[in-house]
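Adding 29 to a residue's 1-based position in the sequence shown gives its number in this note's numbering. Note that the Cβ used here is the ideal one computed from N, Cα and C, for glycine as well. These notes concern the structure reproduced below.
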Amino acid sequence: MRKFRYPALALLMAAPAMAADLTGKALTNPTAYIPSQCYTVTKDEAGGVHNPCFTCHVRSRAPHYINDQDLQQAYSFPGPALKNPWTNLFVDRTAAVLDTPDDEILAYVRADNYHDAAGGIALAARLADLPAGWDADGDGAWAGFVPDASYRFDAEGFDLDAAGRMTGWRAFAYQPLPGTFWPTNGSTDDVMIRLPVPFRAAADGTPDRGIYKLNLAITEALIKRRDVGIAPADEAALGVDLDLDGRIGTATRVGFVFPPEDGRAMHYVGRAGVMQDAGTARLAAGLYPEGTEFLHTVRYLDPVEGGIAMAPRIKEVRYMVKTRWQTYFDRQEGALAEAKERADFPDRIALFDGNVETGISNGTGWRLQGFIEDAQGELRPQTFEETVFCMGCHGGIGVTDDDTFAFPRKLDNSAFQGGWAHWTQGRGLRGVPELIREDGSPEYAHYLRANGAGDEFRGNMELLEAWLDDQGQLDDDRAEGFRDDIAALLYPSAKRALALNVAYREIVREQSFIRGRDATIVPQGNVHREVTQDRQTGVINPERPWYGAD
């Protein structure tokens with residue numbers, strides 16, 4: 030159903046890495062960037078067609094030009110990907126689930142593997158005393174991202190270090206993308222954003238929280254392509270018409286317009302605004318400023334009274350930084366070149382540049398890097414192949430905005446803390462309303478009706494039995510049950526949460542991530558073990574994306 034969309038960058042192959050050595054670049058799975066969900070069987074035994082593919086593969090909105098809605102209709106894989114490499118999907122972990130006491134798995138997921146006993150960042154300390162097996166260039170020093178978020182949040186979602194100083198990271202709440210990222214399908218997760226230092230400072234370079242909040246709101250408006258509400262701001266002090274109403278007064282919103290029209294143009298504030306005037310900070314709809322960072326943790330499920338919480342134990346730390354600005358033309362040219370390569374060389378696979386230390390470039394200006402549990406549950410850097418796993422989604426599919434998923438789906442300023450909150454603050458997903466698509470339909474109800482299930486593999490029987498009828502249909506009355514509280518749909522029962530935790534820990538103990546990371550308990554039946562190239566999915570009319578692109 031999908032094929033990576035950006036040009037090959039470099040061929041990086043080496044001898045297979047030993048167990049204690051993470052520096053090798055050999056790929057056991059040369060198409061690790063094509064996720065397991067793309068092998069879903071879309072036709073059921075009764076001839077019904079299920080379409081979970083539109084979550085990712087849709088017509089893009091500029092300056093994203095992937096336009097891969099055709100992948101809802103066919104398994105357009107290169108030759109090396111026709112045999113499904115994600116064999117962990119077919120493993121039966123029922124015995125492990127039955128043999129694991131609830132107290133034991135609860136103790137495991139509630140143990141913090143990010144902080145040390147003194148409250149410091151354990152992984153940062155390990156990177157400072159770099160093991161030889163993590164040192165790709167052999168210079169004795171870690172060249173990549175060093176985790177520096179403390180996960181201590183104030184009432185505005187800002188991350189504070191042990192001394193109470195801002196780290197620059199700010200957490201935000203969002204409606205999870207349908208399917209895989211619903212907690213009922215295996216994990217909780219969170220996301221933080223950090224803009225470059227000049228965006229956090231007044232015009233004279235002095236750190237300024239108020240300026241930073243406004244530049245984040247401007248960035249939000251650019252990515253969402255619409256106005257964003259803010260606390261009242263004195264435009265005269267800022268020297269910027271934030272709300273674009275043509276006068277200098279008090280703004281309660283950031284106005285969106287792009288490209289500039291009728292003398293109205295968006296403008297950063299503070300030091301970033303000075304840089305914008307000098308041409309060294311660029312601003313465009315749908316694009317983050319150069320130097321923007323994201324930090325995303327994937328975590329276990331913690332069953333608590335009233336639902337599910339984020340477990341202290343982290344499965345993965347995912348990081349991306351925008352290292353290069355690309356114009357609309359640059360991005361369109363790259364997408365067109367990839368489309369031509371796909372047509373001319375359908376069996377050519379994507380190749381990547383990077384290593385365990387520096388991460389991997391995605392070809393559109395971002396560098397990605399990750400950390401994952403070792404067999405003992407401590408965090409370690411991802412290998413080259415384990416990071417290739419991240420590349421297809423962040424750059425190769427139509428639904429993203431500047432290669433990101435969560436920030437375009439950030440909750441508005443009417444939400445708790447104005448949408449600037451970590452899931453450990455407030456009530457988590459409780460009380461979060463369903464996203465309304467631009468066609469007017471509630472998103473999760475639309476997904477359940479198009480897919481006839483709550484996950485790509487149609488293996489989440491708990492959700493199926495709770496929300497769909499015997500014919501796999503969602504009626505209007507049941508749809509109302511999660512309209513204003515998505516947690517009702519997205520949170521699993523405590524029993525299922527514990528079973529999913531055990532199933533995933535088995536993969537950790539095996540260190541078998543290259544065979545898949547999905548927390549599945551029983552072998553998945555609705556998954557192709559092998560497909561023929563361009564095999565039809567049965568979808569006749571591709572679904573439109575939630576943001577309503579034609």
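How do the stretch 218 to 237 and the stretch 390 to 404 stand: do at least 3 beta-carbon pairs fall below 8 Å, yes or no?
Result no; under three Cβ-Cβ pairs closer than 8 Å.
7 Å Cβ cutoff met for Y533 and A548
As a position in the sequence shown, residue 533 is number 504, starting the count at 1. As a position in the sequence shown, residue 548 is number 519, starting the count at 1. With contacts defined as CB atoms closer than 7 Å, Y533 and A548 qualify as a contacting pair.
Tell me, to the nearest whole angstrom, how far the beta carbon of N442 is from that of V257; I am working on the premise that it is less than 8 Å.
Indexing the sequence shown from 1 puts residue 442 at position 413. Indexing the sequence shown from 1 puts residue 257 at position 228. Sure, about 7 Å apart at Cβ, within 8 Å.
Bridge partner(s) assigned by DSSP for N384:
Locating residue 384 in the sequence shown gives position 355, counting from the first residue. DSSP output for N384 lists G388 as bridge partner(s).
For the candidate residues G421, A372 and D373, whose alpha-carbon lies nearest to that of T393?
Along the sequence shown, read from residue 1 onward, the residue named residue 393 stands at position 364. Nearest in C-alpha terms to T393, of all of G421, A372 and D373, is G421.
Kindly confirm or deny that the stretch 224 to 238 and the stretch 316 to 325 touch, where touching means at least three C-beta pairs closer than 8 Å.
Output reads yes: the stretch 316 to 325 touches the stretch 224 to 238.
For the beta strand (DSSP E) that contains W395, what are its first and last residues?
The count along the sequence shown starts at 1 and reaches residue 395 at position 366. That run of the beta strand (DSSP E) goes W395 to E402.
Those residues which DSSP pairs with N199 across a bridge
The residue given as residue 199 occupies position 170 in the sequence shown. Correcting the residue identity first, residue 199 is Arg in this sequence and not Asn. Note: R199 is bridge-paired with F187 and I222 in the DSSP secondary-structure output.
Per DSSP, which one or two residues make a beta bridge with Q502?
The count along the sequence shown starts at 1 and reaches residue 502 at position 473. DSSP, once it has assigned bridges, lists no residue as partnering Q502.
Beta-carbon gap between V298 and V269 smaller than 7 Å
Here residue 298 refers to the residue found at position 269 when the sequence shown is read from its first residue. Here residue 269 refers to the residue found at position 240 when the sequence shown is read from its first residue. It is a contact, given that the beta carbons lie within the stated cut-off.
Measuring only the C-alpha atoms, how far is R573 from F106?
The sequence position of residue 573 within the sequence shown is 544, counting from 1. The sequence position of residue 106 within the sequence shown is 77, counting from 1. So the two alpha carbons sit approximately 22 Å from each other.
Presumed contact (8 Å Cβ cut-off) between P176 and A147, rounded CB distance:
Your numbering for residue 176 matches position 147 in the sequence shown. Your numbering for residue 147 matches position 118 in the sequence shown. About 16 Å; that fails the 8 Å criterion.
Boundaries of the beta strand (DSSP E) in which V531 is found, first to last residue
Sequence index remark: in the sequence shown, residue 531 carries index 502 (1-based). V531 -> not in any beta strand (DSSP E); alpha helix (DSSP H) instead, spanning A523 to E539.
Simplified DSSP state of E261, which is helix, strand or coil:
Here residue 261 refers to the residue found at position 232 of the sequence shown. Reading the sequence as shown, one finds Pro at residue 261 and not Glu. For P261, the secondary structure class from DSSP, reduced to helix, strand or coil, is strand.
Measure how close the beta-carbons of V286 and I259 come, nearest whole angstrom, since I'm counting them as under 8 Å.
As a working note, residue 286 is residue 257 in the sequence shown. As a working note, residue 259 is residue 230 in the sequence shown. Incorrect: roughly 16 Å between the Cβ atoms, too far for contact.
Given P45, which residues of its chain have a CB within under 7 Å of its CB, disregarding the five upstream and five downstream residues?
As a first step, residue 45 must be located in the sequence shown, where it is residue number 16. The predicted position of P45 is uncertain, since its pLDDT is 33 and thus under 50; no value can be drawn from it.
Cα separation between N96 and W496?
Translated into positions along the sequence shown, residue 96 becomes position 67. Translated into positions along the sequence shown, residue 496 becomes position 467. Approximately 32 Å, taken between the alpha carbons.
Spatially closest choice to T60 from C85, T213, A482 and W115, by CA coordinates
Here residue 60 refers to the residue found at position 31 when the sequence shown is read from its first residue. Each of C85, T213, A482 and W115 was checked against the Cα of T60, and the nearest Cα belongs to W115.
Thinking C-beta only, is N113 closer than 7 Å to R564?
Residue mapping note: residue 564 aligns to position 535 of the sequence shown, counting from 1. Residue mapping note: residue 113 aligns to position 84 of the sequence shown, counting from 1. Taking 7 Å as the Cβ cut-off, R564 and N113 do not qualify as a contacting pair.
Under 7 Å between the Cβ atoms of A578 and R90?
The residue you call residue 578 lines up with position 549 of the sequence shown. The residue you call residue 90 lines up with position 61 of the sequence shown. Yes, Cβ-Cβ distance for A578 and R90 is below 7 Å.
Please report the distance separating the alpha-carbon of V568 from that of C82.
Taking the sequence shown and counting its residues from 1, the one referred to as residue 568 is at position 539. Taking the sequence shown and counting its residues from 1, the one referred to as residue 82 is at position 53. One alpha carbon belongs to V568, the other to C82, and they sit about 10 Å apart.
Give me the Cβ distance between A313 and P92, rounded to the nearest whole Å; I'm assuming they're in contact under 8 Å.
Within the sequence shown, numbered from 1, the residue matching residue 313 stands at position 284. Within the sequence shown, numbered from 1, the residue matching residue 92 stands at position 63. Sure, about 7 Å apart at Cβ, within 8 Å.
Separation of R507 from D131, as counted between CA atoms
The residue given as residue 131 occupies position 102 in the sequence shown. The residue given as residue 507 occupies position 478 in the sequence shown. Each residue's Cα considered, the two are about 31 Å apart.
Given 6 Å as the limit, tell me if G363 has its C-beta closer than that to any heavy atom belonging to the ligand MN.
This structure does not include the ligand MN; it has no bound ligands of any sort.
What whole-angstrom Cβ distance do Q398 and G173 have, given they're in contact under 8 Å?
As a first step, residue 398 is located in the sequence shown; it is residue number 369 there, counting from the start. As a first step, residue 173 is located in the sequence shown; it is residue number 144 there, counting from the start. Rounded, the Cβ-Cβ distance is 5 Å, consistent with contact.
In the structure shown, what three-state DSSP assignment does R438 receive?
The residue you call residue 438 lines up with position 409 of the sequence shown. R438 falls in the helix class under three-state DSSP.
Could you check the C-alpha separation between L206 and A528 for me, to the nearest Å?
The residue you call residue 206 lines up with position 177 of the sequence shown. The residue you call residue 528 lines up with position 499 of the sequence shown. Between L206 and A528, the C-alpha separation is close to 22 Å.
In the DSSP assignment, find the unbroken beta strand (DSSP E) run with G336 in it and report its ends.
Working through the sequence shown from its first residue, we reach residue 336 at position 307. G336 to K351 is the extent of the beta strand (DSSP E) around G336.
Under 6 Å Cβ to Cβ from W395, same chain only, skipping five residues before and after it: list those, please.
For the purposes of this step, residue 395 is taken as residue 366 along the sequence shown, with counting starting at 1. Only M349, K351 and D432 meet the Cβ criterion.
Is the beta carbon of I515 closer than 7 Å to that of V461?
By 1-based counting over the sequence shown, the position of residue 461 is 432. By 1-based counting over the sequence shown, the position of residue 515 is 486. I515 sits close to V461, with the two beta carbons spaced by under 7 Å.
For L135, tell me which candidate among Q411, A266 and A338 has the shortest Cα-Cα distance.
For this step, residue 135 is matched to residue 106 along the sequence shown. It is A338 whose Cα lies nearest to the Cα of L135.
Three-state class that DSSP yields for Q565 in the structure shown:
Taking the sequence shown and counting its residues from 1, one reaches residue 565 at position 536. Judged by DSSP in its simplified three-state form, Q565 adopts strand.
Boundaries of the beta strand (DSSP E) in which A280 is found, first to last residue
Indexing the sequence shown from 1 puts residue 280 at position 251. T279 to V283 is the extent of the beta strand (DSSP E) around A280.
Confirm, please, whether the CB-CB distance from F201 to W449 is below 7 Å.
For the purposes of this step, residue 449 is taken as residue 420 along the sequence shown, with counting starting at 1. For the purposes of this step, residue 201 is taken as residue 172 along the sequence shown, with counting starting at 1. In this structure, W449 places its C-beta atom within 7 Å of the C-beta atom of F201.
Going by Cα to Cα distance, which pick from T416, N489 and G457 is closest to G208?
Along the sequence shown, one-based indexing puts residue 208 at 179. Per the Cα distances, N489.
For A435, which residues in the same chain have their Cβ closer than 7 Å to its Cβ, ignoring the five residues on either side in sequence?
In the sequence shown, residue 435 corresponds to position 406, counting from 1. Taking A435 as the centre and dropping the five residues before and after it, the same chain places the C-beta of Y203 and V220 closer than 7 Å to its C-beta, in chain order.
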